[in-house]
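**Student:**
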Amino acid sequence: MNLVIDAGNTLIKYAVFNDLKIIFSEFNSDFSESQYLNIKQKYPAIKNIIYSNVGHHQLNFLNSIKGVKIIEFSPLTLSPIINLYETPETLGMDRLAAVVGANQIFPKQNIMVIDLGSAITYDFINSKSEYLGGNISPGMDMRFRALNNFTSKLPLLTPNENFSTIGVNTNEAIHSGVVQGLVFEISGYIDYFSQYYDDLKVILTGGNCFFFEKILKKPIFVNPNLLLIGLNKILEYNLENRN
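Numbering (the working numbering), first residue to last: 26 to 268.
Right, dumping it as structure tokens:
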């Protein structure tokens with residue numbers, strides 16, 4: 026069994042895999058040694074751990090655990106895909122894990138991964154398992170906060186699925202501007218890449234994936250565990266190819 030930990034900017038998601046199947050998963054604002062011990066007690070067959078820590082959480086205790094193979098996912102970690110990013114040392118490990126997960130689900134296909142988290146990332150992997158790179162955009166919550174922080178009168182609002190195409194008051198104008206703007210942005214990326222790649226697969230992941238699944242009028246797949254699936258694949262790949 027494998028324990029896979031994805032420590033993001035806001036939350037930490039972790040899961041226990043038996044082969045390629047998730048048998049336990051949870052998320053929290055932190056991940057402590059006592060939480061690990063509780064999981065290990067429940068699943069004593071855990072022999073391997075991989076973790077990605079883009080949010081700089083306190084996970085140093087993992088490296089001192091005895092009797093378990095530990096891998097911290099970094100630019101030096103072996104990957105089952107070809108990474109063509111020009112500056113791999115600056116690439117968020119969560120982005121790379123997500124495209125590995127996508128490649129695991131849809132092997133030998135052209136895939137766009139849209140991670141709707143604190144920031145929004147658009148990443149592309151082709152049918153040759155080559156990661157070509159992607160783009161980064163402000164996340165939905167960040168856009169709401171920016172309108173409040175950088176203006177003197179606009180209120181801080183929370184996302185609402187019910188919005189007008191044209192706002193007839195300030196609150197509606199903000200909701201429409203942020204949410205509808207993101208719908209246009211996401212749809213634009215999908216339309217653009219679909220021109221160049223036949224049968225493009227689009228996978229939404231991240232904290233707001235289900236929010237946009239409801240309002241995007243596009244053929245998409247949604248998988249909130251995409252990064253965990255990718256990290257587990259990376260772990261298995263390293264175990265198979267270790268010296």
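Positions of the beta carbon are idealized from the N, C-alpha and C atoms, including for glycine. The structure displayed is predicted, hence computed values, not measured ones.
Does the beta-carbon of Lys67 have 16 or more other beta-carbons within 10 angstroms, so that it is buried, or is it exposed?
**Tutor:** Taking the sequence shown and counting its residues from 1, one reaches residue 67 at position 42. Under this definition Lys67 is an exposed residue.
**Student:** Taking all protein chains shown into account, do 16 or more other C-beta atoms lie within 10 angstroms of the C-beta of Tyr221, making it buried, or fewer, making it exposed?
**Tutor:** Reading the sequence shown from its first residue, position 196 is the one you call residue 221. When all chains shown are included, Tyr221 counts as exposed.
**Student:** Quick one: residues in its chain with C-beta nearer than 6 Å to the C-beta of Thr35, no 5 flanking neighbours on either side, listed in chain order?
**Tutor:** Along the sequence shown, one-based indexing puts residue 35 at 10. Ser143.
**Student:** Quick one: residues in its chain with C-beta nearer than 7 Å to the C-beta of Val208, no 5 flanking neighbours on either side, listed in chain order?
**Tutor:** The residue you call residue 208 lines up with position 183 of the sequence shown. Excluding residues within five positions, the ones whose Cβ falls inside 7 Å are Ile240 and Leu241.
**Student:** Does the distance from the CB of Phe169 to the CB of Val193 come in under 7 Å?
**Tutor:** What you label residue 169 is simply residue 144 of the sequence shown in a count that begins at 1. What you label residue 193 is simply residue 168 of the sequence shown in a count that begins at 1. For Phe169 and Val193, no; Cβs fall outside 7 Å.
**Student:** Per DSSP, which one or two residues make a beta bridge with Glu51?
**Tutor:** In the sequence shown, residue 51 corresponds to position 26, counting from 1. Paired residue(s): Tyr39.
**Student:** Apart from the five residues on each side of it in sequence, which residues of its chain come closer than 8 Å, Cβ to Cβ, to Ser219?
**Tutor:** One-based indexing of the sequence shown puts residue 219 at position 194. Taken in chain order, the residues that qualify are Leu225.
**Student:** I need the straight-line Cα distance from Gln60 to Lys178, nearest angstrom please.
**Tutor:** The residue you call residue 60 lines up with position 35 of the sequence shown. The residue you call residue 178 lines up with position 153 of the sequence shown. Rounded to the nearest angstrom, the two C-alpha atoms are 43 Å apart.
**Student:** For Ala123, name the three-state secondary structure that DSSP assigns.
**Tutor:** Mapped onto the sequence shown, residue 123 falls at position 98. Helix at Ala123.
**Student:** Alpha carbon to alpha carbon, what distance is there between Pro105 and Ile254?
**Tutor:** Here residue 254 corresponds to residue number 229 of the sequence shown, with the count starting at 1. Here residue 105 corresponds to residue number 80 of the sequence shown, with the count starting at 1. Approximately 13 Å between the Cα atoms of the pair.
**Student:** Can you tell me which of the three DSSP states Gly202 falls into?
**Tutor:** For this step, residue 202 is matched to residue 177 along the sequence shown. It is helical.
**Student:** Taking 6 Å as the limit between beta carbons, can you name the residues of its chain near Ile48, skipping five residues before and five after?
**Tutor:** Walking along the sequence shown from the start, residue 48 turns up at place 23. Answer for Ile48: Val41, listed in chain order.
**Student:** So what does DSSP say about Glu97, is it helix, strand or coil?
**Tutor:** By one-based count along the sequence shown, residue 97 stands at place 72. Strand at Glu97.
**Student:** From this set, Glu261, Lys258, Gly206 and Leu264, which residue's C-alpha is nearest Phe237's C-alpha?
**Tutor:** One-based indexing of the sequence shown puts residue 237 at position 212. It is Gly206 whose Cα lies nearest to the Cα of Phe237.
**Student:** Please work out which residues of its chain come closer than 8 Å, Cβ to Cβ, to Ser9, disregarding the five sequence neighbours upstream and downstream, and give them in chain order.
**Tutor:** Not covered by the structure: residue 9. The range shown for the chain is 26 to 268.
**Student:** Note down, one range per segment and in chain order, each beta strand (DSSP E) of at least 3 residues found wholly within the stretch 131 to 170.
**Tutor:** Runs of the beta strand (DSSP E) inside the stretch 131 to 170: 136 to 141, 144 to 150 and 155 to 163.
**Student:** When burial is assigned at 16 or more other CB atoms within 10 Å of the CB, is Ala70 buried or exposed?
**Tutor:** Counting from one through the sequence shown, the residue named residue 70 turns up at place 45. It is exposed - the Cβ of Ala70 has fewer than 16 other Cβ atoms within 10 Å.
**Student:** Of the residues Glu210, Ile139 and Lys72, which one's Cα is nearest the Cα of Leu251?
**Tutor:** Here residue 251 is taken as the residue at index 226 of the sequence shown, counted from 1. Answer by Cα proximity: Ile139.
**Student:** Over what stretch of residues does the alpha helix (DSSP H) that includes Tyr76 continue unbroken?
**Tutor:** Locating residue 76 in the sequence shown gives position 51, counting from the first residue. No alpha helix (DSSP H) contains Tyr76, which is instead part of the beta strand (DSSP E) from Asn73 to Asn78.
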